[in-house]
Amino acid sequence: MMSTSAHREPLWTRGFLLACSGNALVFFTVHLFLSTVAAYSIQRFAVGDAQGGAASGLFIIGALIARLFAGPAMSRFSMLGLALGMFALFAVFPILYRMTGTFEVLLVERFTHGVVFGIGSSVTASLALHRVPAMRMAEGTSWFASSTVIGVAAGPLVGLPLFRTFGFEAVSWAAVMVAVLGSVVIALLKLAGSPIAAQPAAPSDDSPKGNWISRFVEPAAIPISIIGAAWTLGYATIVTYLNGLANERDLGTGVSWFFLVYAVVTIASRQFTGRLMDRKGFNIVLIPAFVVFAAGLFTLSMAQNVATVLIAAALVGLGQGNLLSAGQTLAIKQAERHRIGFAVSTFFLGIDAGMGTGPVIAGAIVAATSPSATFGIVSLFVLALTAVYVAVFARKRQPARG
0 MMSTSAHREP
10 LWTRGFLLAC
20 SGNALVFFTV
30 HLFLSTVAAY
40 SIQRFAVGDA
50 QGGAASGLFI
60 IGALIARLFA
70 GPAMSRFSML
80 GLALGMFALF
90 AVFPILYRMT
100 GTFEVLLVER
110 FTHGVVFGIG
120 SSVTASLALH
130 RVPAMRMAEG
140 TSWFASSTVI
150 GVAAGPLVGL
160 PLFRTFGFEA
170 VSWAAVMVAV
180 LGSVVIALLK
190 LAGSPIAAQP
200 AAPSDDSPKG
210 NWISRFVEPA
220 AIPISIIGAA
230 WTLGYATIVT
240 YLNGLANERD
250 LGTGVSWFFL
260 VYAVVTIASR
270 QFTGRLMDRK
280 GFNIVLIPAF
290 VVFAAGLFTL
300 SMAQNVATVL
310 IAAALVGLGQ
320 GNLLSAGQTL
330 AIKQAERHRI
340 GFAVSTFFLG
350 IDAGMGTGPV
360 IAGAIVAATS
370 PSATFGIVSL
380 FVLALTAVYV
390 AVFARKRQPA
400 RG
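Numbering (numbering that gives the first Met the number 0), first residue to last: 0 to 401.
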């Protein structure tokens, strides 16, 4: 055992660290705006809450559509070049937002920004995961996914107080500076070198079975991506209606700590869940994660105080946080190594679909019941997904871990 671990290929290489840093900067910038652009739209263009929400929603729709073309783009162009192009455009969009004279133009810009993000985030994921040793893929993916969590949590933590104190111009300039920093990270990544990531992926003609679907997505990753879309409905409900629950139960502003607790627990748990999957397979993490996520949603539905909300946050972090990284790893393991980019974009196509449709479905349930009842109903849905996962994956022989 000692001999095996002593000769394991290194995970924490310079290239992997840089790729993870670039990914964190991407998601930081995105959530900097997702947390502020609706309020900016209402303030600047005097639109209603629904229109302000559309400024966020169109970004997700743009990203969702772009995922279909991320794989082909990585097959044809240099991934490092695509990443540099993404950060260059990320520096332009914040300036355009402030210069925009009409709300309609802002919507077009948000949609286009989402398209750039959809392709670019798939690229940064591929840049990182191509640097992960095959025998440490679950561990590497878990740590890479932690960089996403850092960006997702840090964006609102910085963006909201910045917007309230200094206004949207300060948010925009912060985003520009982060985009410039991201470009520097990608330039350093190019210097770090990689025979895989510095060049386009294998041509789409080498796609499995040569069918047309595989020119856009990885067919082997579709089942877990559909299940991922389904469980993401639960997380989308939290993002959209946590404030509604706070108002219903008069919980105050303390619920804003939910996402910090979620991020801390998610990152802490990934220190061991990734290694556990590499050694024991996916079921040992994924099956309990479904149950724990459902428990977190149910705890939210019963919450009468902030302490209970934070307990729910820890359960959601342990459950949904590991579903995300384990699901991504499983999608990658279903594909050939030169199809990693397609597998990643296919998986996040499902996740984006869940984030996009979740608020609509949850909104219909809230309208008929209440935020607390909605969390209870969604918890049962996520629990039922455990059986779906077992039926689709758990009975199959899992990939060998070496």
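For glycine and all other residues, C-beta sits at the position ideal for the given N, C-alpha and C. Bear in mind that the values here come from a model prediction, so they are computed numbers and not experimental data.
Closest Cα partner of residue i within the set the options
i                 : options                        : result
histidine 112     : Val216, Phe374, Asn22, Ile59   : Ile59
glutamine 42      : Pro9, Asn22, Gly166            : Gly166
alanine 82        : Met136, Gly119, Ala18          : Gly119
tryptophan 172    : Gly280, Leu188, Tyr96, Val184  : Tyr96
tyrosine 388      : Ala342, Ile225, Ser268, Val184 : Ile225
valine 365        : Ala37, Leu161, Ile237, Ser213  : Ile237
phenylalanine 92  : Glu138, Ala38, Val179          : Val179
threonine 140     : Arg274, Gly84, Leu259, Ala390  : Arg274
phenylalanine 76  : Phe347, Gly340, Ala390         : Gly340
serine 268        : Ala72, Met78, Trp142           : Trp142
glycine 84        : Gly233, Val183, Asn282         : Val183
alanine 49        : Phe392, Gly362, Ser378, Met78  : Gly362
phenylalanine 257 : Ala153, Val343, Met176, Phe162 : Ala153
isoleucine 283    : Asn246, Pro370, Leu329, Glu247 : Leu329
alanine 245       : Leu57, Pro370, Gly70           : Pro370
valine 391        : Leu241, Phe281, Thr356, Arg336 : Phe281
leucine 241       : Phe297, Pro287, Phe86, Ala228  : Phe297
tyrosine 261      : Thr356, Ile310, Val177, Pro287 : Ile310
alanine 408       : Glu247, Ser378, Val177, Gly233 : Because the chain in this structure spans residues 0 to 401, residue 408 falls outside the shown range and cannot be described.
threonine 356     : Arg336, Glu247, Thr12, Gly233  : Gly233
alanine 393       : Ser378, Pro287, Ile360         : Pro287
Outcome for residue i when other beta-carbon atoms lying within 10 angstroms are tallied against a minimum of 16
i                 : result
isoleucine 406    : Given a span of 0 to 401 for the chain in the structure shown, any question on residue 406 remains unanswerable.
glutamine 198     : Residue confidence is low: glutamine 198 scores 46 on pLDDT, short of 50, so the model does not pin down where it sits. Its coordinate-derived value is still stated next. When all chains shown are included, glutamine 198 counts as exposed.
threonine 403     : Outside the modelled stretch of the chain, which goes from 0 to 401, sits residue 403, for which no answer is possible.
isoleucine 212    : exposed
aspartate 249     : exposed
glutamine 327     : buried
phenylalanine 271 : exposed
lysine 332        : buried
isoleucine 266    : buried
arginine 338      : buried
isoleucine 94     : exposed
leucine 190       : exposed
valine 343        : buried
methionine 276    : buried
alanine 228       : buried
Beta-carbon gap between residue i and residue j smaller than 8 Å
i                 : j                 : result
phenylalanine 26  : valine 151        : yes
glycine 243       : valine 305        : no
proline 358       : threonine 231     : no
threonine 345     : valine 216        : yes
alanine 402       : alanine 334       : Residue 402 falls outside the range modelled here, since the chain spans only 0 to 401, and no answer is possible.
glutamate 8       : methionine 134    : yes
alanine 325       : leucine 285       : yes
glycine 14        : leucine 188       : yes
valine 29         : phenylalanine 110 : no
leucine 159       : threonine 35      : yes
valine 114        : glycine 61        : yes
alanine 174       : phenylalanine 32  : yes
phenylalanine 289 : threonine 385     : yes
valine 264        : valine 308        : no
phenylalanine 347 : serine 121        : yes
leucine 105       : serine 40         : yes
alanine 53        : threonine 123     : no
serine 125        : methionine 73     : yes
phenylalanine 162 : alanine 37        : no
leucine 79        : isoleucine 185    : yes
proline 71        : arginine 278      : no
leucine 10        : glutamate 108     : no
beta-carbon residue i near the ligand MG non-hydrogen atom, thresh 7 Å
i           : result
leucine 329 : The model depicted lacks the ligand MG and carries no ligand whatsoever.
ask   = Should the stretch 364-376 be called in touch with the stretch 297-304, which here means at least 3 C-beta pairs below 8 Å?
value = Three or more beta-carbon pairs drawn from the stretch 364-376 and the stretch 297-304 are found closer than 8 Å, and the two stretches are therefore classed as touching.
query = Is it a yes or a no for the stretch 348-358 touching the stretch 52-67, going by three-plus beta-carbon pairs under 8 Å?
reply = In short, these stretches touch, since the Cβ pair count reaches three.
query = Counting Cβ pairs closer than 8 Å, one from the stretch 314-323 and one from the stretch 95-106, do we hit at least three?
reply = In short, these stretches do not touch, since the Cβ pair count stays below three.
Inter-stretch contact at 8 Å, needing at least 3 Cβ pairs: the stretch 309-317 / the stretch 281-293 = Because the criterion of three Cβ pairs below 8 Å is met, the stretch 309-317 and the stretch 281-293 touch.
inquiry  = Contact between the stretch 16-26 and the stretch 44-54 is defined here as three or more beta-carbon pairs at a separation below 8 Å; is this criterion met?
reply    = Touching, no.
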